[in-house]
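Participant: Numbering (this note's numbering), first residue to last: 1335 to 1452. One structure follows; several queries about it will come next.
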Ligand SMILES: [Zn+2]
């Protein structure tokens, strides 16, 4: 289905009611932006937009819902292998940079323990 991209809400408008999910989403969003800006140059490219849509979908559909552990700790590997590698690359690159650019967000992120696995 090539038309599926049109049905996906633009990632920047994604809203999560759950505070934890919202924060996780914000972190991912910030990291993808940093990664794309430095690696792909300029505004968010379609590749990275798709990755973000994918991540938001995964967060939304996560079977653990409110009690969800952070993705790195999650026992269920709900990311497709290709997407998982993509998001890993993003985190490896943008993670350390987040400390400079978004210190508060990365602090929360660290506390949530994502970095231990990535
Ligand atoms: Zn990109």
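The beta carbon of each residue, even a glycine, is placed where N, CA and C say it ideally should be. Quick caveat: nothing in here was measured; it's all calculated off a predicted structure.
1. I need the straight-line Cα distance from residue 1364 to residue 1432, nearest angstrom please.
2. What are the boundary residues of the alpha helix (DSSP H) that includes residue 1436?
3. Can you check which of these residues, 1368, 1414, 1394, is closest to residue 1352 by C-alpha distance?
4. Please determine whether the Cβ atom of residue 1391 lies at a distance below 8 Å from any heavy atom of ligand 1.
5. Can you find the residues in the same chain that come closer than 6 Å, C-beta to C-beta, to residue 1420, ignoring five residues on each side of it along the sequence?
Facilitator: Put simply:
1. If you number the chain shown from 1, residue 1364 lands on position 30. If you number the chain shown from 1, residue 1432 lands on position 98. Cα to Cα, residue 1364 sits roughly 8 Å from residue 1432.
2. Here residue 1436 corresponds to residue number 102 of the chain shown, with the count starting at 1. Unbroken run through residue 1436: none, as it is neither H nor E.
3. In the chain shown, the residue the question calls residue 1352 occupies position 18. Per the Cα distances, 1394.
4. The residue given as residue 1391 occupies position 57 in the chain shown. No, Cβ of residue 1391 sits at least 8 Å from all heavy atoms of ligand 1.
5. The residue given as residue 1420 occupies position 86 in the chain shown. Taken in chain order, the residues that qualify are 1385.
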